[in-house]
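Residues -22 to -1, 1 to 571, numbered by mature numbering (1 follows the signal peptide of the UniProt record, and there is no 0), are exactly what the sequence shown covers, in order.
Just so it is clear, CB atoms sit at the ideal spot from N, CA and C, and this is done for glycine as well.
One structure is given below, encoded as structure tokens.
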Amino acid sequence: MKLSHLKLTVGVAILVTLGACGGGTGQTAQGGSKDQTKAEVQTSDTAGAATKAISRLAGTVQRMLMSSTTATNTPISPQDASRFLSHASFGATDQSIAAVAAAGQASWIEAQFALPQTLHRNYMVEYNATLKNGAVVSSMDFQGSFWKQAVTGEDQLRQRMAYALSQIFVISTMDSNLYHHPLGVADYYDKLGQYAFGNYRDLLQMVALHPMMGTYLSHLRNQKEGTYRVPDENFAREIMQLMSIGLYQLNQDGSQKLVNGQPVETYTHDDIAGLAKVFTGWSWAGPDQSVNRFFGVTIDPARDYTPMQIYPDYHSGSTKSFLGVTLSGNNGPNELTIALNTLFNHPNVGPFIGRELIQRLVMSNPSPAYISRVAAAFADNGSGVRGDMKAVIRAVLLDPEALDASTQKKLREPVLRLANWMRAFKGKSSSGYFPAWPTDDPSTGLGQSALRSPSVFNFYRPNYTPPNSTLATAGKVAPEMQITNGPSTVGYLNFMQDAIPLGVGKDFDVKPDYTTELGLILQPDQLVDRVNLLLLNGTMSSTLRNAIISAVNSIEQPVPTMWNAWNVDMGKKNRVYLAIYLAMASPEYLVQR
């Protein structure tokens, strides 16, 4: 069987047959039968099948995310270690599973806290030195750095946290204003990683003063009010709505406070206008506060990654009122400190940021008790310190709900699926740089790339619910479903169909190593069990396991002769490719535990 014969039919077939994830017909899927795997797929057939598949997938996700069981702590096994790593890293490897299984989750977290940080800005400088014919790095090249550290970085927890924070404190290279600031973009991501293990108050200040955030949300070069001008309110609004306190007052369990049955807004437009004045007069760093430097005409080499500085001539001296605080005068740094302290100490921050991190790392619908426990860790790390991110991380990842293997948690976002595959099967870059194009296009890629969300609201809203769904009726959410549709499902399956045998990146620079898997092609049950551990974290149902084993067995292994070495080799490889592909196409993989 030729590689081209492993078409989308197989993946769509198993999506459809196993769409109920145990709630379907109960029949064994024979997605790998000889006739089926040899059939060429017509575009119209693929589109129709994918439409049905995504409908099934949506229903499956709804049923899975609505499940509710009591959390239990279980002994560390390879399966539990693998599942924990799906929350705390970019995916399990043989080595990381062994490390967590031996030391336990808590000890692994502490060991990760102690590791030095891998820096993306260093990658950009090194990669730039390899370019020829006058070429220079652009923000697009950050993709290579992202994948390199996601796949090979030892500091997995820090890199995973940086990615989670990048979806809360959003900048996006989809904005053309950031395209020519590659070192600044990389540094911003590095800073998210740096402060991921620090204090939220320091993280908030870093975000507010980073020139890339200033460029993206337009408070860099923000000027005081004038006859025909008011301060830009963009960042003032988003730092409250998206990065700290949210839209409505919350109880510590994340539920909305109600007055006369109605939610209470956390801020008004007057609060936005008052806070916007605090963010006037900040612009590029440099040795002076000249007009040319403020407006960016004078360019300093390190300005893209040096915190913004105040320019008193452009800072508002009028009264500034927001969130119950009133400031007067023209001391920009002092006013910034008070403003950020006000946000930091707002009672909403713990439950708001806690829920966001739970959603990004563990599950879409945490219980009020889970949110409350994380909010308590934010409020006090046990030593009277508020905002200790290490305490928050421990609370998020070690909570009984997070460790409970019996519940389905969230839809795996596309970037994490690809990272999981590359780590599981030892993806290696021939150049060492993992050069990659963005994978934004949902029809040909993943519909998602790091630091390339379509807006400041990220790829999906934290409260997104598929319309007219049982999830909506039940008051449940599934954020990642916002970027899941017919074209994106086809795009993902097609992308992985090529990636699994050929690799990924520019010129397929990054290739997997299936040496271990090829050694199991005559033991399909062991091959599938290995795929189960690395990709599904040991949670594969017997129905899916039997279906994949049957499909793998259907691929004939030619008797070696002196003329058919290539066919023999491809027969072995296709068994591995198919096992991985069917696993990654299944709803059981897409909805992680």
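Exposure of residue i, with buried meaning 16 or more beta-carbon neighbours within 10 Å
i, result
"residue 572", "The structure shown does not extend to residue 572, since the chain spans only -22 to 571, so no value can be given for it."
"Thr539", "exposed"
"Thr246", "exposed"
"Gly84", "Sequence inspection shows Ala at residue 84; the Gly mentioned does not correspond to that position. It is exposed - the Cβ of Ala84 has fewer than 16 other Cβ atoms within 10 Å."
"residue 572", "In the structure as shown, the chain starts at -22 and stops at 571, and residue 572 therefore has no counterpart that could be examined."
"Lys329", "Here residue 329 turns out to be Pro, not Lys, going by the sequence shown. It counts as buried."
"Gln240", "exposed"
"Asn542", "exposed"
"Val(-13)", "In this prediction, Val(-13) has a pLDDT of 47, which is less than 50 and means its spatial position is unreliable; what the coordinates show is noted afterwards. It counts as buried."
"Phe437", "buried"
"Tyr157", "exposed"
"Leu384", "For the sequence presented, residue 384 should be read as Ser rather than Leu. The residue is exposed, with fewer than 16 neighbouring Cβ atoms inside 10 Å."
"Asn238", "exposed"
"Lys255", "buried"
"Glu243", "exposed"
"Asn398", "buried"
"Ala563", "buried"
"Val509", "buried"
"Phe147", "buried"
"Trp260", "buried"
"Lys388", "buried"
"Arg439", "exposed"
"Pro160", "buried"
"Leu560", "buried"
"Arg187", "At residue 187 the sequence reads Leu, which differs from the Arg that was named. The residue in question, Leu187, is buried, as its Cβ has 16 or more Cβ neighbours within 10 Å."
"Gln134", "buried"
"Asn515", "buried"
"Ala7", "Summary for Ala7: the model assigns pLDDT 34, below 50, so the residue's position carries little reliability; its value from the coordinates is reported in the next sentence. Buried: at least 16 other Cβ atoms inside 10 Å."
Endpoints, alpha helix (DSSP H) assigned at residue i
i, result
"Thr320", "Gly310 to Phe322"
"Leu253", "His247 to Val256"
"Lys110", "No alpha helix (DSSP H) holds Lys110; DSSP gives it neither H nor E."
"Thr126", "Checking the displayed sequence, the identity of residue 126 turns out to be Lys instead of Thr. Counting along the chain, the alpha helix (DSSP H) containing Lys126 begins and ends at Phe120 to Thr130."
"Lys368", "Met367 to Leu376"
"Tyr559", "Ala543 to Ala563"
"Asp382", "Neither: Asp382 is in no alpha helix (DSSP H) and is coded neither H nor E."
"Lys169", "Pro160 to Ala174"
"Arg571", "No alpha helix (DSSP H) contains Arg571, which DSSP labels as neither H nor E."
"His188", "Neither: His188 is in no alpha helix (DSSP H) and is coded neither H nor E."
Spatially closest choice to residue i from the options, by CA coordinates
i, options, result
"Ala450", "Asn343, Thr467 and Lys368", "Asn343"
"Pro285", "Met184, Leu560, Ala402 and Leu376", "Met184"
"Ser421", "Pro465, Asn441, Ala414 and Pro392", "Pro465"
"Asn359", "Gly176, Pro445 and Ser261", "Gly176"
"residue 572", "Ala251, Leu253, Val275 and Gly252", "Since the displayed the chain opens at -22 and closes at 571, residue 572 lies outside it and no answer follows."
"Val482", "Gln57, Gln230 and Ser407", "Ser407"
"Tyr411", "Val115, Ser123 and Lys110", "Ser123"
"Val374", "Thr193, Met341, Leu514 and Arg390", "Met341"
"Arg553", "Arg571, Tyr567 and Tyr492", "Tyr492"
"Tyr166", "Leu97, Gln127 and Met518", "Leu97"
"Leu511", "Tyr567, Ser447, Gly405 and Pro416", "Tyr567"
"Asp153", "Ser433, Val129 and Asn308", "Ser433"
"Gly162", "Arg136, Ser117 and Leu198", "Ser117"
"Arg199", "Val269, Ala92, Arg138 and Ile349", "Val269"
"Ser409", "Ala113, Val115, Lys484 and Ala140", "Lys484"
"Trp125", "Pro416, Ala347, Ser345 and Gly252", "Pro416"
"Val363", "Leu335, Gln267, Asn323 and Asn111", "Asn323"
"Leu93", "Asn155, Pro536, Glu132 and Val78", "Glu132"
Test item: CB-CB of residue i and residue j under 8 Å
i, j, result
"Ala428", "Gln121", "yes"
"Gly365", "Tyr173", "no"
"Ile87", "Arg401", "no"
"Ser55", "Leu63", "no"
"Leu182", "Asn326", "no"
"Ile170", "Ser196", "The residue you asked about is not Ile; residue 170 is Leu in the sequence shown. Cβ distance not < 8 Å, so Leu170 and Ser196 don't count as in contact."
"Ile461", "Gln426", "yes"
"Thr467", "Val455", "no"
"Leu471", "Lys550", "no"
"residue 573", "Gln337", "Lying outside -22 to 571, the shown extent of the chain, residue 573 is not represented and no answer is given."
"Thr517", "Arg138", "no"
"Asn308", "Gly295", "yes"
"residue 581", "Leu339", "A question about residue 581 goes unanswered here, because the residues of the chain that appear run from -22 up to 571."
"Gln201", "Ala353", "no"
"Gly232", "Pro392", "no"
Limits of the beta strand (DSSP E) - the one that residue i falls within
i, result
"Val303", "Val303 to Leu305"
"Lys298", "Lys298 to Phe300"
| request: Determine, using beta-carbon pairs with one atom in the segment 217 to 234 and one in the segment 287 to 297, whether at least three such pairs fall under 8 Å. | output: Judged by Cβ distances under 8 Å, the segment 217 to 234 makes no contact with the segment 287 to 297, as fewer than three pairs qualify.
| said: Measuring CB atoms only, is the segment 100 to 115 touching the segment 375 to 389, in the sense that at least three cross pairs come out at less than 8 Å? | reply: no
| field | Three CB pairs or more closer than 8 Å across the segment 275 to 285 and the segment 298 to 306 | value | no
| query | Just checking, does the segment 555 to 563 make contact with the segment 514 to 529 on the three C-beta pairs under 8 Å criterion? | reply | yes
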